[in-house]
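First comes the structure, then the notes that go with it.
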Amino acid sequence: MRNLFSRTVQTTIVFLVVGGIMALALGGYFSSSSNIFTSSLITVQAWFSSRFVALQDSLTAPRDITSLRQRNSELESEVAELQAQVIQLQQEVGETQILAALVDFSRANPENQYKAAAVIGRDPSPFLQYVIINRGSNDGILRGMPVVTDQGLAGRVDAVIADAARVQLITDPAANVNIRLQNAEEEASLVGSVTGDLTLELIPQDTNLERGDLVLTSGLGGGYPPDLIVGQVVGWRDFDLFKEATVQPVVDFNRLKIVLIIVNFKPVDIAPLEPAP
Amino acid sequence: MRNLIAVPVIILAVILQSAVMSSIKLLSGYADLPLVMLAAWALQDEVDTAWHWAIATGALVGFVSGISVTVPLVSYVIVVALAQVFQRRVWQAPLLAMFSVTFLGTIVLYAISLMVLQLSGIPLPITEVLGSLVLPGILLNLILAIPVYAVMRDLARWVYPLPEVE
């Protein structure tokens, strides 16, 4: 009986103590001591955690870096390869567009026979406007043959070796092309310059010039076939006897890549017929 | 046998001039790589074949260019002569000599070109040529002078190695 009483009292005391502690804890009386306890626990746990993560990193990181580096180099080489492919494809697209334009031009002018050639160089002297092409006498190219692009007249063959030729552009200071103005129905002489500008000389004073007048080869002199487009009149100056006009060429001579040589045109050399000065 | 190095170097210089340098324009002028290369080669102490290089380069440029072969031939020989004079007089400042030879050599080349073209009956307005062609050409040649001099100096040391001192 006594044991039962004492056990009941003990249980009651324990409950009271626990309940009291809980009541005190819920009432916030243990907050400072519980904070110290939990913070020390957290500190210990953080210390263990950080050491464990460091250990884990030291064990696993080298393998990851090696594999990542390998993967990175693989991807870099793949990117470089793809970039090279893109550049190559862009070049091919550009060349295809040029060739398609040249094919259109040759279809539009079926009376001529053409041979395509790539521009592989320019004259080493800045005083002259010549280009070097990769077709020569082995391909049937002869001196004097006219050279065109899909836009219009570019020049004529000046010198030929077996597998290459030098083309004098119409912008060369020594070049002289006999032309006619389509609207004005007048003929004149087109000359180049060291800066690549084209000038129409010897235009009769009574000629009615307009901006945008089309300039075509006249075929006079036998140097070029007639009716090849050369450019457009962009301005002119009046002199006492003649007018002088500036011509914007239709061909972009700075971006000349592929040209067509008219191989069935035989130039006529009229030099022996010209009177001696 | 070591003089045969001239063959690939001169051919490479003329190819680069025709394919690359002539496309890098400032106004209408561009650099003359064979001229700068010759000037740099002739200024090297060990080199004694600069005259041969000048004639070979002049002949090759004359073959490729539409201009008379005498223009590059005479101009490049004069460039080598200038280089020899400057090498003796300002040997302590090779870069100064390089700039001087490049500057004067370019002027000589352009003057001879202008003269020959005028004699051929090609009208060339002097002011236009000076502004859009000669001055940009000189500037580009001077810019090109430093890297070309470094390359040719290394080439000269490789072709003519200094004797080892025991």
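Listed in order, the protein sequences are those of chains R and C.
For the first sequence, our numbering assigns the number 1 to the initial residue and increments by one for each residue that follows.
For the second sequence, our numbering assigns the number 1001 to the initial residue and increments by one for each residue that follows.
Yeah, the Cβ is synthetic: ideal placement off N, Cα and C, and Gly gets one too.
Since we're looking at a predicted model, the values are computed, not measured.
is_contact[residue i, chain C] using C-beta, thresh 7 Å
i         : result
R/Phe-265 : no
R/Thr-195 : yes
Residue i (DSSP reduced to helix, strand or coil)
i          : result
C/Ser-1210 : Only positions 1001 to 1166 of chain C appear in this structure, which leaves residue 1210 of chain C out of reach.
R/Ile-141  : coil
R/Leu-99   : helix
R/Tyr-29   : coil
C/Leu-1082 : helix
R/Thr-171  : coil
R/Val-177  : strand
C/Tyr-1030 : coil
C/Pro-1161 : coil
R/Leu-228  : coil
R/Gly-221  : helix
R/Gln-248  : strand
R/Leu-82   : helix
R/Pro-146  : strand
R/Gly-136  : coil
C/Ile-1067 : coil
Proximity test, Cβ basis, 7 Å: residue i and chain R
i          : result
C/Ser-1065 : yes
C/Tyr-1030 : yes
C/Val-1069 : no
C/Leu-1133 : yes
C/Gly-1137 : yes
C/Leu-1117 : yes
C/Ser-1100 : no
Continuous alpha helix (DSSP H) stretch holding residue i: start and end
i          : result
C/Leu-1119 : 1094-1119
C/Gly-1062 : 1050-1064
Below-7 Å beta-carbon distance, residue i vs any chain D residue
i         : result
R/Pro-173 : No chain D is present in this structure, whose protein chains are R and C.
Contacts that residue i makes with chain C (C-beta to C-beta distance below 8 Å)
i         : result
R/Arg-237 : By Cβ distance, chain C contributes nothing, its closest Cβ being about 15 Å from R/Arg-237, past 8 Å.
R/Ile-132 : Ser-1018, Val-1064
R/Gly-121 : Ile-1015, Ser-1018, Ala-1019, Ser-1022, Val-1064
Neighbour list for residue i in chain R, Cβ cutoff strictly below 9 Å
i          : result
C/Gly-1105 : Correct list: empty, because the minimum Cβ distance to chain R is about 14 Å.
C/Leu-1124 : Phe-127, Pro-173, Ser-193, Val-194
Cβ-Cβ separation, residue j to residue i (assumed contact under 8 Å), whole Å
i          : j          : result
C/Ala-1150 : C/Gly-1105 : C/Ala-1150 to C/Gly-1105, Cβ: 18 Å. No contact.
C/Leu-1117 : C/Leu-1109 : With a Cβ gap of about 12 Å, C/Leu-1117 and C/Leu-1109 do not count as contacting.
R/Leu-260  : R/Ala-116  : 6 Å
R/Gly-223  : R/Pro-267  : 6 Å
Interface partners of residue i on chain C, CB under 7 Å
i         : result
R/Gly-94  : Ordered by position in chain C, no residue passes the 7 Å Cβ test against R/Gly-94, which lies about 16 Å from the chain.
R/Asp-158 : Gly-1066
Within chain R, the residues that residue i reaches when beta carbons sit closer than 7 Å
i          : result
C/Val-1061 : Pro-124
C/Ser-1075 : Neighbours of C/Ser-1075 on chain R: none; closest Cβ ~10 Å, over 7 Å.
C/Val-1129 : Val-194
Unbroken beta strand (DSSP E) run spanning residue i, endpoints
i          : result
C/Ile-1015 : Taken as a continuous stretch (DSSP letters only), C/Ile-1015 belongs to no beta strand (DSSP E), being part of the alpha helix (DSSP H) at 1006-1019.
R/Val-191  : 186-191
R/Pro-204  : 198-204
R/Val-131  : 130-133
R/Asp-158  : 153-160
Closer than 6 Å: residue i CB and nearest the ligand GDP heavy atom
i          : result
C/Leu-1114 : This structure does not include the ligand GDP; it has no bound ligands of any sort.
9 Å Cβ cut-off: residues of chain C touching residue i
i        : result
R/Pro-69 : The sequence given here has Arg at residue 69 of chain R, not Pro. What R/Arg-69 touches in chain C: nothing, since even the nearest Cβ is about 35 Å away.
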